[in-house]
Structure formats: C-alpha cells, structure tokens
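Oh and the sequence shown: position 12 is 152 in the working numbering, straight run, nothing missing.
Virtual Cβ for every residue (Gly too), placed ideally from N, Cα, C.
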Amino acid sequence: MADFQFRVELDTLSKSHQAIANYVIGSLQQIPYCTDEDIARQAGVSTATVSRFWRAVGYANLKAFKLELLQAGLSTPARKMKQILHKVEHDEADILGEMIGVASSNLSGTGKRVDRRQFDLAIETIHRARKLYLYGGGPSASVAELMAYRLSRIGVDVIRMAVSGRELLETMVHAGSGDVLFLFGFVKRTPELTVLLQHAKEAGCVTVLVTDLLVSDMLAQSDCKLQIDRGEWDGFHSMTAPIALTEALVVGVTKLRGREAMEKLERLHALRKRYASHLPK
Numbered sequence: 141m142a143d144f145q146f147r148v149e150l151d152t153l154s155k156s157h158q159a160i161a162n163y164v165i166g167s168l169q170q171i172p173y174c175t176d177e178d179i180a181r182q183a184g185v186s187t188a189t190v191s192r193f194w195r196a197v198g199y200a201n202l203k204a205f206k207l208e209l210l211q212a213g214l215s216t217p218a219r220k221m222k223q224i225l226h227k228v229e230h231d232e233a234d235i236l237g238e239m240i241g242v243a244s245s246n247l248s249g250t251g252k253r254v255d256r257r258q259f260d261l262a263i264e265t266i267h268r269a270r271k272l273y274l275y276g277g278g279p280s281a282s283v284a285e286l287m288a289y290r291l292s293r294i295g296v297d298v299i300r301m302a303v304s305g306r307e308l309l310e311t312m313v314h315a316g317s318g319d320v321l322f323l324f325g326f327v328k329r330t331p332e333l334t335v336l337l338q339h340a341k342e343a344g345c346v347t348v349l350v351t352d353l354l355v356s357d358m359l360a361q362s363d364c365k366l367q368i369d370r371g372e373w374d375g376f377h378s379m380t381a382p383i384a385l386t387e388a389l390v391v392g393v394t395k396l397r398g399r400e401a402m403e404k405l406e407r408l409h410a411l412r413k414r415y416a417s418h419l420p421k
C-alpha cells in the first residue's frame, strides 16, 4: 500500500491536514477499520478537522476513501496470495510451516480479542434459541456448515440460510421472537447482512455476529459480538480462527446442555452400531 497517492500535493495542505495525511498513509492497513474519531485521536486533531480533510484531498468523506481503497485493488485475492507466495518463494521454503505460523498468529490474536463475556452470552443464546438461523457466505459458508452439523447432533434446531438472493428471504420470513440469527460477517458489510440485521430487529430475533471487523456499524446492531483475528486487512485471510471459535462454541453449548446433549450423542452412536451393515462409512 506504500504506493498509494492522494490527489493533491501534501505540502499544500495545512499542518493539521498534513498530520492526518501522514497518519493515514502510514496506516492504510488499519484505515478500513477506523472511524473519523479514531483517526482524529491518532493524529492529534479534532473530528471536525478530519471531516474537512477528506474534502481537501478530494473525497466526500471517509467512506468514499475506503471505497477507493477497495476499488484500487489494494486487497484483491491475487494480492493476498502474492504476499504469501513472496514469503515462500525459495525452493527450500517450508510452506506448511509458514501457513501454520499464520494460523497460529490468528489464533493467538483471536484468543486476546474475543470478549469472554460475549462468548459466554453466545453460548447461552444458542442454547436457548427456539431455532438457530445460520448465515455464512463465501469462505464462511463452510464454517457455517460445520457449525450446523455439530450443533444438530446435540439437538439444536439449526436452519441453514441461503447465501444470497431472494432464496435468503424464503427462510428469513420464518424467523421471529425466540429465534436467533447467527451471522458470519467478514471484511465488510454485505447487502445480505444489512437485510438480516434489519429483519432481526423488526421480527424480534436475537443476533450473534462473528466478524473480523474492529470498526463497523454492524457491531452496534448485533446483540452479541465475537470479534476474531483473520490476519491483516490486505493479507491472506485464514479460516482457522473462525473454525476454532465455532468448535469452542459447540463445546460450550454441549456443556451447558449437559445430560440432554450426551443422550443425543449416545443415541447417535447406538444407531450407527445398529445400522452399520446397511450404512457403512
């Protein structure tokens, strides 16, 4: 991101605007997660000064600047993969070791980032759900599928939602009071997440959001927030942390349900033995 340029010469700006520009240019990886207030605090200026800064450098506001960062291709799949390949470009490079290192770093970051009170609340919320409506698009679809598989085994009534389009409405229409919408929302707010959060508020559903965003209006609109670390904004995004969080939630719900959950698993084992000859692995 070091080659990003503003549309005006920085030496034509006021000293306060130069301070903002210096912070923004040096922190482009963090800017997608920042608000005007965050930038003002870091640059040592007022929030109003930050608002005027965007107009001075050719943008309507911070949101418009973030959009240009995305459209400029500063966070494309190819760029992310190139960053990883650059680290393992030598023939003797330990690709497995490098990827395990990335995953380990994300797990460590997630362990520090997830609020334990929110984690406990998520477990309680899933346990008490009349129905659990589970949404995950893109790479998170596989994590949602794993979560549905494991929770269904212990008796949680899980409804997998379509990832996009009008099919999403076919299941969403049935969600109401007593139900929980469990959402995976990574990188940015999508139209689907906007619709789901709006419907949840109107229908009286409780919402649980798993996200890698540090700053997003989705956080304020969700009843329970689990913020994880998937790597740098413009880097390779591992799904190790979401999977680990999902497994931890399943274990927590199983523990909370106690004997009821164990009986479900024991009945499953008995059915496997009974029909082993008919339904082999």
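- Terminal residues of the beta strand (DSSP E) in which residue 438 lies: What the structure shows of the chain is the stretch from 141 to 421, and residue 438 is not part of that stretch, so it cannot be assessed.
- Task: Classify residue 365 as helix, strand or coil using the three-state DSSP reduction.
- Result: strand
- Cβ pair residue 411, residue 293 closer than 8 Å: no
- Taking C-beta to C-beta, are residue 336 and residue 323 nearer than 8 Å? yes
- Item | Helix, strand or coil at residue 389 according to DSSP, with G and I counted as helix | helix
- Task: Measure the Cβ-Cβ separation of residue 266 and residue 389 and say whether it is below 8 Å.
- Result: yes
- With which residues is residue 299 paired in a DSSP beta bridge? 273
- Item | Rounded distance between the beta-carbons of residue 168 and residue 210, thought under 8 Å | About 12 Å separates the two Cβ atoms, so there is no contact after all.
- Message: Once DSSP output is grouped into helix, strand and coil, what is the label at residue 166?
- Response: helix
- Buried or exposed (CB count within 10 angstroms, at least 16 for buried), residue 155: exposed
- Task: Give the secondary structure of residue 336 by DSSP, where H, G and I count as helix, E and B as strand, and everything else as coil.
- Result: helix
- Three or more C-beta pairs below 8 Å linking the region 349-360 and the region 289-307: no
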